[in-house]
Structures are given as C-alpha cells and as structure tokens.
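Numbering (my numbering), first residue to last: 241 to 684.
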C-alpha cells in the first residue's frame with residue numbers, strides 16, 4: 241500500500257461519521273457483547289472494597305487494622321493492572337481473564353475462613369491484584385475485536401457497564417449483609433466464576449487485529465513517515481515489554497495527563513465534603529451533587545459520545561481536561577449552592593466528553609503486541625492518582641482552605657498541557673483484518 245493510499249484511507253476514516261449507539265451495539269460481535277456482560281456482572285458483585293472495613297471491624301479487628309487492609313487492597317489493584325497487562329500480552333486476553341476470575345473466586349471465599357491478621361492482609365492484597373488482571377485484558381480485547389471507527393463508542397459502553405455495576409453494588413451488598421456477611425463473599429466469588437465461564441465459552445483464545453501496515457507493508461516505515469506513528473511503527477519485540485512503553489515519551493506525557501486530571505477529579509470524594517461542612521451547608525448538598533454526577537454520567541455519557549466521537553481526537557481530550565480545571569476552579573469562588581451545581585456540571589461534562597476517548601486512546605497508539613501493557617500502565621496510573629488524590633487534597637485543604645480548588649484547577653491545566661504535548665493522532669487507523677470483515681455484517 242502506498243503512502244498516498246494509506247493517507248487517503250486514514251483521512252477518509254477520520255472524517256467519516258461514526259455509528260450511533262444502537263448501530264454500534266448491533267455491529268458488535270457476540271464476543272464483545274459477552275465481554276461487556278461479564279464486566280457488568282463482575283462489577284455488580286464488587287462488594288469487597290466497599291464493605292471490607294465493615295466486615296473486618298465486625299470480625300473484631302480494630303479500625304486501624306481494617307484501614308490498613310483497605311490500603312493494601314488499593315495497592316494491589318495498581319499492581320494487578322500492571323500484571324494483567326503483561327499476562328494479556330504474553331498469554332492472551334482470554335487466558336488473563338480466566339486466571340483473574342478463577343483465582344479471585346477462590347481467594348475471595350477464603351477470606352471468610354482466615355483468622356490470622358497478617359495472612360488476611362496477604363490474601364486481601366492478592367484478591368485485589370488477581371481480581372484486576374481482567375481490566376487491561378478486557379480493553380485490549382475490545383480494541384482487537386472492534387472496528388476502529390466504533391472504538392470510542394464501545395469504550396463508552398464498557399464504561400457504562402462498569403459504572404452501572406459499581407453503582408448498584410452497594411445496594412445489593414446491603415441487602416446481602418442484612419442476611420449474612422458471608423453472602424457477600426459467596427456472591428462475589430460466584431460472580432467471578434460466571435465471568436470466567438463467559439470468557440471460557442465466548443471469548444476467542446487468541447485475537448489479533450492487523451494494522452493496515454501489517455497487512456500490506458510489513459516492512460518498517462520510511463524515515464519520512466507521518467510523525468504521529470510513534471512506537472507502533474517501530475514494531476518492537478514482545479520481549480521488550482514495559483521498557484518499550486517507558487521509551488515512548490509521548491505516551492509518558494499521556495500518562496502524566498491521566499495522573500494530573502485524576503488527582504484533580506477525585507477531590508469530590510474527600511475534600512468537597514470537608515469544604516461543604518466548613519461552609520456550614522447541609523451535607524445534603526454533597527449527596528445531591530454526587531448523585532447528580534452519577535445519574536448524569538450513567539444516563540448521558542453514551543449519548544454524548546455519539547456526537548463527541550466525530551470530533552478531532554485531541555480536541556475531545558483537551559476539552560475534557562479543561563472542563564475539570566474550570567469545574568474545580570469555580571469552587572474557589574465560594575462553596576454556595578449555585579456554584580456547587582455549576583462547578584459539578586462542568587467536571588461531570590468533562591467525564592462525559594473526554595473519558596471514553598481517554599480510556600480508548602492506549603489501544604489506538606499501542607503496538608499490537610503491547611496493547612495489554614499500554615492499557616495496564618494507564619489503569620495503574622489512574623489507580624495511583626485515585627488513591628493519592630484524596631490524601632493530597634485533604635492535606636492542602638488543611639493548609640490552604642479554599643486554595644485547594646485553585647490547586648485542583650492547576651492540576652487540570654497541567655493535565656491539559658501534558659495532553660497537548662503527548663497525545664498523537666494515529667497516522668494509520670487500525671482496521672479488522674480481511675478474514676474478520678464479516679463481523680461488521682452483524683449491523684445489517
């Protein structure tokens with residue numbers, strides 16, 4: 241394929257209108273639908289992190305011991321996504337998912353029978369690590385099984401499954417606790433096994449979506465090839481692993497943008513309630529804005545993506561990051577109801593506009609044999625920021641008070657700058673290999 245032909249194809253695909261929600265769902269393969277169903281089931285029964293502290297204190301452990309266990313759970317999730325990316329690339333996304341679901345099912349149930357505190361800490365850490373192997377594997381498989389023009393929309397559907405499951409889990413968990421704490425662990429273990437059975441029966445043993453260059457031009461790109469190609473054009477050996485990722489300086493800026501925007505975004509979880517109490521407002525306002533965010537994102541993100549997916553890639557990402565800066569910057573004016581509502585709507589809009597593209601981006605630029613690691617690095621970065629963000633925010637609040645919102649806005653601005661430097665537009669957009677073309681016929 242000549243450079244001119246490839247440029248024409250990339251240009252045509254970049255400007256072609258994307259499919260809507262229903263059309264995208266109809267186009268997806270049975271494997272993609274099964275994967276999305278499995279993700280929803282696993283999150284619907286994601287009780288352990290939510291109720292771990294209550295369970296341990298119910299068992300007689302101190303609040304400090306329970307807090308340490310929760311901290312180790314968070315640390316395990318960061319390690320788990322990194323290892324999950326490695327396993328996805330080295331074995332397969334399906335194998336990584338089977339290991340994740342089978343291993344976590346056994347470990348979750350074992351928590352009920354462990355009495356020794358230090359052993360309990362080890363198992364909690366392992367549950368979190370093994371249980372999240374599936375995350376990078378799931379996104380890598382979605383990338384491989386989805387036509388490039390539908391990737392952002394399918395990622396929005398993936399996020400919808402995560403959000404719906406995560407939102408419903410506390411309600412379901414409370415109902416189970418009313419009967420017995422043990423039901424939490426049996427239910428979560430069963431959900432893991434259900435996802436494992438879905439993976440075993442529906443997910444392909446090996447997937448590989450060829451890039452246009454892989455199909456027609458396996459040789460290396462000429463020196464004058466389009467600048468955004470980045471590491472995908474180098475085709476590093478699989479054994480290079482995370483070292484190749486670290487050498488991808490543009491992707492490191494992308495990870496920095498994810499880090500800073502998440503540090504800002506998560507301030508609603510700890511700093512915002514402190515600010516609301518300090519402003520002598522009812523905590524009802526905190527519940528109201530958090531509920532507004534959850535409802536708006538769950539009900540509107542997929543619909544917004546229908547239009548946003550047609551926008552230039554960088555514009556979508558940059559708007560998402562800028563809206564985080566604006567939303568939290570508005571809180572700096574004063575914590576009063578009208579500012580709370582407007583500011584929350586801004587950072588909620590940032591999630592709807594930018595998150596599907598941000599989450600899909602690693603699959604667009606990663607070398608095919610390193611997709612799992614690229615997704616694993618992104619998810620680990622998100623996990624680190626989500627864990628550290630509240631601690632940093634509360635510390636700044638204790639020293640600067642309302643100045644914390646200017647710091648959060650500044651983190652959003654830094655994220656925007658990093659995104660502008662690091663985000664690249666893929667010079668060639670991945671397409672299904674010829675033998676996979678019938679997948680698209682599902683839409684007819």
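The beta-carbon is built from N, C-alpha and C at its ideal position, and this holds for glycine as well.
Whole-angstrom C-beta distance between residue j and residue i, which should lie under 8 angstroms
| i | j | result |
| --- | --- | --- |
| residue 501 | residue 397 | Between residue 397 and residue 501 the Cβ distance is about 22 angstroms, and since that is not below 8 angstroms, they are no contact. |
| residue 529 | residue 584 | 4 angstroms |
| residue 634 | residue 511 | 6 angstroms |
| residue 648 | residue 561 | No, residue 648 and residue 561 are not in contact; Cβ-Cβ is about 12 angstroms, not under 8 angstroms. |
| residue 306 | residue 293 | 4 angstroms |
| residue 525 | residue 580 | 6 angstroms |
| residue 216 | residue 382 | A query on residue 216 cannot be resolved here, the shown segment of the chain reaching from 241 to 684 and no further. |
| residue 599 | residue 399 | 6 angstroms |
| residue 288 | residue 361 | Residue 288 to residue 361, Cβ: 14 angstroms. No contact. |
| residue 498 | residue 402 | Not confirmed; about 16 angstroms, so no contact. |
| residue 443 | residue 334 | 4 angstroms |
| residue 481 | residue 601 | Actually they do not touch by this definition, with Cβ atoms about 20 angstroms apart. |
| residue 625 | residue 503 | 5 angstroms |
| residue 446 | residue 332 | 5 angstroms |
Beta-carbon contacts of residue i that lie in its chain and below 6 angstroms, excluding the five residues immediately before and after
| i | result |
| --- | --- |
| residue 505 | 564 |
| residue 260 | 546 |
| residue 314 | 627 |
| residue 597 | 392, 556 and 557 |
| residue 316 | 365, 368 and 369 |
| residue 548 | 556 and 593 |
| residue 515 | 575 |
| residue 386 | 394 |
| residue 519 | 575 |
| residue 435 | 278, 281, 282 and 341 |
| residue 646 | 572 |
| residue 623 | 317 and 318 |
| residue 566 | 586 |
Sequence-distant residues of its chain with Cβ nearer than 7 angstroms to residue i (five each side left out)
| i | result |
| --- | --- |
| residue 485 | 491, 610, 613, 614 and 617 |
| residue 495 | 617, 618 and 621 |
| residue 371 | 320, 340 and 344 |
| residue 533 | 584 and 588 |
| residue 592 | 537, 540, 541 and 544 |
| residue 426 | 349 |
| residue 421 | 295 and 298 |
| residue 477 | Per-residue confidence for residue 477 stands at a pLDDT of 44, beneath the threshold of 50, marking its modelled position as unreliable; the derived number appears in the next sentence. Excluding positions up to five away in sequence, the list is empty. |
| residue 221 | The displayed coordinates of the chain run from 241 to 684. Any statement about residue 221 would go beyond what the structure contains. |
| residue 404 | 280 and 538 |
| residue 416 | 423, 424 and 427 |
| residue 493 | 658, 661 and 662 |
| residue 323 | 369 and 373 |
Residues near residue i by beta carbon distance below 8 angstroms, same chain, minus five either side
| i | result |
| --- | --- |
| residue 262 | none |
| residue 433 | 341, 342 and 345 |
| residue 430 | 285 and 345 |
| residue 303 | 293 and 297 |
| residue 644 | 507, 511, 515, 633, 636 and 637 |
Residue i CB to nearest heavy atom of the ligand MN below 6 angstroms
| i | result |
| --- | --- |
| residue 549 | Here there are no bound small molecules, and the ligand MN is not part of this structure. |
Interface flag, residue i vs chain C, CB-CB below 7 angstroms
| i | result |
| --- | --- |
| residue 553 | Structure shown: chain C not included; a single protein chain is present. |
- Report the residue ranges of all beta strand (DSSP E) runs contained in full by the region 283-317; include only those spanning at least 3 residues, in chain order. DSSP runs (the beta strand (DSSP E)) wholly in the region 283-317: none.
- Task: At 4 residues or longer, and completely inside the region 479-528: list those alpha helix (DSSP H) runs for me, N to C.
- Result: The qualifying runs are 481-487, 489-505 and 511-518.
- Query: Enumerated in chain order, which unbroken segments of the alpha helix (DSSP H) with a length of 4 residues or greater are wholly contained in the region 519-582?
  - Reply: As far as the region 519-582 is concerned, its whole alpha helix (DSSP H) runs of at least 4 residues are 524-548 and 553-571.
- Query: Per the contact definition of three or more C-beta pairs closer than 8 angstroms, is the region 354-361 in contact with the region 370-377?
  - Reply: The region 370-377 vs the region 354-361: no contact.
- Query: Is it true that the region 627-639 meets the region 330-338, where meeting means three or more beta-carbon pairs spaced less than 8 angstroms apart?
  - Reply: Judged by Cβ distances under 8 angstroms, the region 627-639 makes no contact with the region 330-338, as fewer than three pairs qualify.
- Item | Sufficient close CB pairs (3 or more, under 8 angstroms) joining the region 405-416 to the region 278-296 | Enough Cβ pairs lie closer than 8 angstroms, so yes.
- Query: Is it true that the region 432-442 meets the region 263-275, where meeting means three or more beta-carbon pairs spaced less than 8 angstroms apart?
  - Reply: In this structure the region 432-442 lies against the region 263-275, because at least three pairs of beta carbons, one per stretch, are closer than 8 angstroms.
- Item | Inter-stretch contact (C-beta, 8 angstroms, three-pair minimum) for the region 296-309 and the region 570-580 | Fewer than three pairs of CB atoms, one per stretch, sit closer than 8 angstroms, so the region 296-309 makes no contact with the region 570-580.
- Query: Of all the alpha helix (DSSP H) runs that stay within the bounds of the region 324-365, which reach a length of 4 or more residues?
  - Reply: Complete alpha helix (DSSP H) runs here, min 4: 333-350.
- Message: To test your reading of the DSSP string, which unbroken alpha helix (DSSP H) runs of 4 or more residues are found completely within the region 604-680?
- Response: Assignment of alpha helix (DSSP H) within the region 604-680, counting only whole runs of 4 or more residues, yields 611-640 and 643-662 in chain order.
- Please go through the region 392-438 and give each complete beta strand (DSSP E) segment of 3 or more residues, from N-terminal end onward. Correct list: empty.
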